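Here this note's numbering is used: the first residue of the sequence shown is 2, the next is one more, and so on. Notes for the one structure printed next.
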Amino acid sequence: MAEIALSPLLESSAALMRAGRWGTATTLLQAVTPATPAERLAIAAALAEVAVDQDFAQQTINADHALAVLADALSETADPVTAWDADFLHLRKDYGIALVAGDREPAETLAKRVERLRDLAPDDARAGHAAFYAGVIADNLRMLPADAFAAYTSALELGERSGDDLLVSLALRHLGDHAHTAGDLPLARTQWERSTELRQKVGHLLGTLAQQTLLAVLAKDEGNPIASTALATEVNRWSRQAALAWLEAQTAGMMNETVG
2 MAEIALSPLL
12 ESSAALMRAG
22 RWGTATTLLQ
32 AVTPATPAER
42 LAIAAALAEV
52 AVDQDFAQQT
62 INADHALAVL
72 ADALSETADP
82 VTAWDADFLH
92 LRKDYGIALV
102 AGDREPAETL
112 AKRVERLRDL
122 APDDARAGHA
132 AFYAGVIADN
142 LRMLPADAFA
152 AYTSALELGE
162 RSGDDLLVSL
172 ALRHLGDHAH
182 TAGDLPLART
192 QWERSTELRQ
202 KVGHLLGTLA
212 QQTLLAVLAK
222 DEGNPIASTA
232 LATEVNRWSR
242 QAALAWLEAQ
252 TAGMMNETVG
């Protein structure tokens with residue numbers, strides 16, 4: 002059997018994950034037989050990230066097992082950066098569960114966990130992703146919009162400094178939401194369009210569709226219901242084919258609103 006270098010394989014699995022092909026990414030990673038404990042750790046970390054990402058997008062329940070496998074690999078091969086990544090994946094999983102359930106009870110505990118991750122982050126990109134999650138926890142679970150705005154601003158700065166396009170897009174999406182809430186539609190459009198472009202650049206299907214959904218909302222607010230309906234319809238079609246049920250339902254409701 003041909004041997005494949007691990008680095009391009011991990012890059013390929015990450016690209017598949019961003020494209021919403023979580024099952025294919027998992028199959029690819031599971032087909033690899035690691036030659037060393039370090040390779041086993043890298044594969045376990047990649048599988049855990051795919052599982053957490055899929056659980057959030059499709060409300061599956063794959064993350065617990067994958068995170069347990071990652072913990073086992075870490076016990077065999079200690080690595081501080083991967084250990085940070087594992088803690089961050091646990092945070093992402095727990096935040097996603099709380100968000101979907103509408104459960105604000107874990108909010109303060111999650112806030113403390115994410116602040117610790119920010120303090121211990123090994124680089125600017127990871128610190129920025131932790132800052133972003135501090136923002137969504139403040140926005141969606143703690144109901145502290147000013148704290149959220151500050152966290153998103155920090156995430157944007159760290160994303161730009163580290164050249165992390167996905168992080169920049171995440172920060173701009175939520176800063177645009179604050180602009181939209183404040184009634185600054187031109188700023189919201191600028192930030193949301195840039196966020197959409199960056200998600201398209203990195204091949205992030207769910208992120209792109211979510212952004213186009215916001216642009217549909219914005220088009221309606223700008224007095225252009227035809228454009229809003231057209232965007233919502235296309236996102237609905239994509240979401241249905243990608244098995245993104247929550248986004249499909251959201252855009253179906255928007256289509257009904259805009260044509261009614």
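Glycine included, every Cβ here is placed at the ideal spot set by N, Cα and C. Every value quoted in this text rests on a predicted model; they were computed, and no experiment measured them.
Quick check on the burial criterion: 16 or more other C-beta atoms within 10 angstroms. Buried or exposed for residue 219?
buried
Less than 8 Å between the CB atoms is what I'm expecting for residue 90 and residue 99, so what's the real figure, rounded?
With a Cβ gap of about 15 Å, residue 90 and residue 99 do not count as contacting.
Determine the burial state of residue 178: buried for a count of at least 16 other Cβ atoms within 10 Å of its Cβ, exposed for fewer.
buried
Count the other CB atoms, across all protein chains shown, that sit within 10 Å of the CB of residue 192; report buried if there are 16 or more and exposed otherwise.
buried
Identify which residue in 138, 209, 196 has its Cα closest to the Cα of residue 104.
138
In the structure shown, what three-state DSSP assignment does residue 190 receive?
helix
Can you list, in chain order, the residues of its chain whose CB lies under 6 Å from that of residue 17, leaving out five sequence neighbours each side?
25, 26
In chain order, which alpha helix (DSSP H) runs of at least 4 residues are fully inside the region 142–188?
Runs of the alpha helix (DSSP H) inside the region 142–188: 146–163, 166–182.
At which residues does the alpha helix (DSSP H) containing residue 65 begin and terminate?
Counting along the chain, the alpha helix (DSSP H) containing residue 65 begins and ends at 64–77.
How would you write the range of the alpha helix (DSSP H) that residue 101 sits in, first residue to last?
81–102
Tell whether a beta-carbon distance below 7 Å holds between residue 237 and residue 217.
Residue 237 is not a Cβ neighbour of residue 217, given a cutoff of 7 Å.
Can you tell me where the alpha helix (DSSP H) with residue 41 in it begins and where it stops?
38–59
Determine the closest residue to residue 81 out of 158, 122, 64, 235, with distance taken between C-alpha atoms.
122
So is residue 63 buried or exposed if we call it buried at 16+ other beta carbons inside 10 Å?
buried
When you compare each of 59, 131, 155, 145 to residue 21 by their alpha carbons, which one comes out closest?
59
Expressed to the nearest angstrom, what Euclidean distance is found between the alpha-carbon atoms of residue 130 and residue 86?
Residue 130 and residue 86: Cα-Cα distance of roughly 11 Å.
Candidates 15, 42, 39, 37: which alpha carbon is nearest residue 29's?
15
When burial is assigned at 16 or more other CB atoms within 10 Å of the CB, is residue 101 buried or exposed?
With fewer than 16 Cβ atoms within 10 Å of its Cβ, residue 101 is classed as exposed.
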